[in-house]
Amino acid sequence: MGQGLWRVARNQQLQQEYGEHWDAGPGLDGDPQDLGMEMGVNPGQAPPSPGVGDLPPHPHPRRHPQHCQGADIYQLLRARRGKEQQGFIDLEMLPPELSITILSYLNATDLCLASCVWQDLGHDEYLWQGLCKSTWGHCSIYNRRLPYGFSYRRLYMMLDEGSLTFNANHQEGISYFMSKGILVDHPKELAKFIFCTRMLNWKMLRVYLDERRDVLDELVTLHNFSNQFLPNALRDFFRHIHAPEERGEYLETLITKFSHRFCACNPVLVRDVGLSPDAVYVLCYSLILLSIDLTSPHVKNKMSKREFIRNTRHAAQNISEDFVGHLYDNIYLIGHVAA
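Letter by letter, the sequence shown follows residues 1 to 339 in full-length UniProt numbering.
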């Protein structure tokens, strides 16, 4: 036990003093027998005298990493010492294209911090342009001819300010974007802006789309449900346009618009399976009710697959039993369509 405590104390001493004493040779203040073993000398035997062509032994023999006890202290100290001698690569020493590519993976906060060290690179307009377009994928100002001296960094600050304003009051937020020339008051432009960003609060966005049905119509047409299974397409739809918490006229409007868009994107499925906007409307309501039934902890008696098929086919008689059964399996395995 005493030998183990000595090794721990010695390792800690090495970690604290390796910068000063490592070159002096570890093991000098250790056991003489250990030093003799490292030099290839058996205990009780005199060290061999050097021959004519032999080099004289180093006065401070280095400990081989396999003789270090506990953690590999030799490799640890060697790696840390190498980092202190070499240092990290300075981005300003790299080609500008490579440095900008590295910094493009940062967000706005980290990029501002990086600009304190690499001022020229951190203020590069290409970086802020990519940051704007990756966060707000579409803005009307992107398609305009920008004036001389235009700053994407300043544009990012305005987009962030407008998004925060929208999340507090949707009308003031949209007015802010228009007053700064970022957006044009056109339903298609507003729909593209909403579709290509995730910075807007979904509750405020739901209220805004309920008031601007023209923007809602354009937003629905931006979805492509081709070759998607109906529950997965409905999940994708509700990720962009959040469903209301209660059943009402707005939910009925959303499902009606989704049903027509889904059928328009899948003409082959409409022909082969016999789907129609009315049938998809019924299936969507059935999927929402089934999702609540299977995921709610308050429902003790869960709906079975046979019951779901019977109830659904009673409302949509043209839909095959196998297709309805696959709908049930999808909800049972993946979960709620409006989560």
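Backbone N, C-alpha and C define an ideal beta-carbon position, used for all residues, glycine too.
Are the region 184-200 and the region 157-173 touching, with three or more C-beta to C-beta distances below 8 Å?
Contact holds: three or more Cβ-Cβ distances are below 8 Å.
Going by CA-CA distance only, name the one from M178, E189, L222, T253 that's closest to R206.
Translated into positions along the sequence shown, residue 206 becomes position 206. The shortest Cα separation from R206 among M178, E189, L222, T253 belongs to T253.
Is the beta carbon of I331 closer than 7 Å to that of L290?
Here residue 290 refers to the residue found at position 290 when the sequence shown is read from its first residue. Here residue 331 refers to the residue found at position 331 when the sequence shown is read from its first residue. Closer than 7 Å, so yes.
At the level of alpha carbons, what is the spacing between V337 and A315?
Taking the sequence shown and counting its residues from 1, the one referred to as residue 337 is at position 337. Taking the sequence shown and counting its residues from 1, the one referred to as residue 315 is at position 315. Looking at the two C-alpha atoms, the distance is approximately 20 Å.
If you draw a straight line from the C-alpha of K300 to the C-alpha of F229, how long is it?
Here residue 300 refers to the residue found at position 300 when the sequence shown is read from its first residue. Here residue 229 refers to the residue found at position 229 when the sequence shown is read from its first residue. Answer to the nearest angstrom: the Cα atoms are 28 Å apart.
Tell me the residue span of the alpha helix (DSSP H) that contains T165.
By 1-based counting over the sequence shown, the position of residue 165 is 165. Looking at the DSSP string, the run of the alpha helix (DSSP H) that includes T165 is 152-168.
Going by the CB atoms, is the gap between H170 and Y208 shorter than 7 Å?
Within the sequence shown, residue 208 is the residue found at index 208, counting from 1. Within the sequence shown, residue 170 is the residue found at index 170, counting from 1. Y208 places its beta carbon less than 7 Å from that of H170.
Residues of its chain near I319, where Cβ-Cβ distance is below 8 Å and the 5 sequence neighbours each way are ignored:
Along the sequence shown, one-based indexing puts residue 319 at 319. Within the same chain, I319 has close Cβ partners V273, G274, L275, A279, L283, T312, R313.
Can you round the beta-carbon distance between L298 and P277 to whole angstroms, since I take them to be within the 8 Å contact cut?
Here residue 298 refers to the residue found at position 298 when the sequence shown is read from its first residue. Here residue 277 refers to the residue found at position 277 when the sequence shown is read from its first residue. The question names Leu, but residue 298 in the sequence shown is His. Not quite, the Cβ-Cβ distance comes to about 32 Å (not below 8 Å), so this is no contact.
Please list, in chain order, all residues of the same chain as R235 whose beta carbon is under 6 Å from its beta carbon, the five residues on each side excluded.
For the purposes of this step, residue 235 is identified with residue 235 of the sequence shown, where counting begins at 1. Taken in chain order, the residues that qualify are V337.
Cβ shell of L55 (< 7 Å), same chain only, five flanking positions each side left out:
Position 55 of the sequence shown, counted from the start, is the residue given in the question as residue 55. Annotation note: pLDDT 42 at L55 (below 50); position unreliable, coordinate value reported separately. Excluding sequence neighbours, L55 sits near nothing in its chain.
How would you call D214, buried or exposed, if buried means at least 16 neighbouring beta carbons within 10 angstroms?
Position 214 of the sequence shown, counting from 1, holds the residue named residue 214. Looking at its Cβ environment, which holds fewer than 16 other Cβ atoms inside 10 Å, D214 is exposed.
Which runs of the alpha helix (DSSP H), 4 residues or longer, sit entirely within the region 252-336?
List check, alpha helix (DSSP H) in window: 267-273, 277-295, 305-315, 321-334.
Using a Cβ cut-off of 7 Å (strictly closer), state whether I241 contacts chain C.
The structure shown contains no chain C, having only a single protein chain.
Measure the Cβ-Cβ separation of I141 and I182 and say whether it is below 7 Å.
Within the sequence shown, the letter at position 141 stands for residue 141. Within the sequence shown, the letter at position 182 stands for residue 182. The Cβ-Cβ distance between I141 and I182 falls below 7 Å.
Taking the straight line between their C-alpha atoms, what separation do you get for N240 and F195?
Residue 240 sits at position 240 when you count from the first residue of the sequence shown. Residue 195 sits at position 195 when you count from the first residue of the sequence shown. The amino acid occupying residue 240 in the given sequence is His; Asn does not appear at that position. Those two C-alpha atoms are separated by around 7 Å.
V268: buried (16+ other C-beta within 10 angstroms of its C-beta) or exposed?
To locate residue 268, count along the sequence shown from 1; it is residue 268. Classification for V268: exposed.
Identify every residue that forms a DSSP beta bridge with residue 355.
The question about residue 355 has no answer, for the chain in this structure spans 1 to 339.
Along the chain, where does the alpha helix (DSSP H) containing R213 start, and where does it finish?
Numbered from its first residue, the sequence shown carries residue 213 at position 213. Bounds of the alpha helix (DSSP H) holding R213 are 213-221.
Let me check understanding here. Comparing Cα to Cα, which of P147, L222, M303 lies closest to C265?
Counting from 1 along the sequence shown, the entry for residue 265 is found at position 265. Relative to C265, the option among P147, L222, M303 whose CA is nearest is L222.
Can you look up Y126 in the DSSP assignment and give me helix, strand or coil?
Taking the first residue of the sequence shown as 1, we reach residue 126 at position 126. Assignment of Y126 by DSSP, reduced to helix, strand and coil, places it in the helix class.
Span separating the alpha-carbon of Y328 from that of Q317
Along the sequence shown, one-based indexing puts residue 328 at 328. Along the sequence shown, one-based indexing puts residue 317 at 317. The straight-line gap from Cα to Cα measures roughly 16 Å.
Only counting the same chain, and skipping five residues up and downstream in sequence, which positions put a Cβ closer than 8 Å to that of K302?
Within the sequence shown, residue 302 is the residue found at index 302, counting from 1. Excluding sequence positions up to five before and after K302, its CB lies within less than 8 Å of the CB of D293, L294, all in the same chain and listed in chain order.
Sequence-distant residues of the same chain with beta carbon closer than 6 Å to K180, five excluded per side:
Working through the sequence shown from its first residue, we reach residue 180 at position 180. Only M158 meet the Cβ criterion.
Rounded to whole angstroms, what's the CA-CA distance from A243 to Y105? Just pull it up for me.
Taking the first residue of the sequence shown as 1, we reach residue 243 at position 243. Taking the first residue of the sequence shown as 1, we reach residue 105 at position 105. Within the model, the alpha-carbon separation for A243 versus Y105 is close to 33 Å.
Between the CA atoms of S304 and G137 - distance to the nearest angstrom:
Taking the first residue of the sequence shown as position 1, residue 137 is located at position 137. Taking the first residue of the sequence shown as position 1, residue 304 is located at position 304. The straight-line gap separating the alpha-carbon atoms of G137 and S304 is approximately 43 Å.
Using CA coordinates, which residue listed in Y152, C139, R144, L146 is at the minimum distance from K192?
By 1-based counting over the sequence shown, the position of residue 192 is 192. The residue with the shortest Cα to Cα distance from K192 is C139.
Excluding five sequence neighbours on each side, which residues of the same chain lie with their C-beta closer than 8 Å to the C-beta of Q129?
Position 129 of the sequence shown, counting from 1, holds the residue named residue 129. Around Q129: Y152.
Assuming contact is defined by CB atoms lying nearer than 7 Å, are L155 and C132 in contact in what I supplied?
Within the sequence shown, the letter at position 155 stands for residue 155. Within the sequence shown, the letter at position 132 stands for residue 132. Yes. Within cutoff.
Extent of the continuous alpha helix (DSSP H) to which L234 belongs
For the purposes of this step, residue 234 is taken as residue 234 along the sequence shown, with counting starting at 1. First-last of the alpha helix (DSSP H) with L234: 230-240.
With a CB to CB cut of under 8 Å and the five nearest residues on each side skipped, what residues in its chain are close to L219?
For this step, residue 219 is matched to residue 219 along the sequence shown. Around L219, the same chain offers A191, I194, F195, L209, H240, I241 as residues with beta carbons nearer than 8 Å, after the five sequence neighbours per side are excluded.
Whose C-alpha, out of D124, E249, M204, is nearest the C-alpha of E172?
What you label residue 172 is simply residue 172 of the sequence shown in a count that begins at 1. From the listed residues D124, E249, M204, the smallest Cα separation to E172 is found for M204.
Near S226, what residues of its chain come up, given a Cβ to Cβ distance below 7 Å and the 5 sequence neighbours on each side ignored?
As a working note, residue 226 is residue 226 in the sequence shown. Excluding sequence neighbours, S226 sits near C265, N266.
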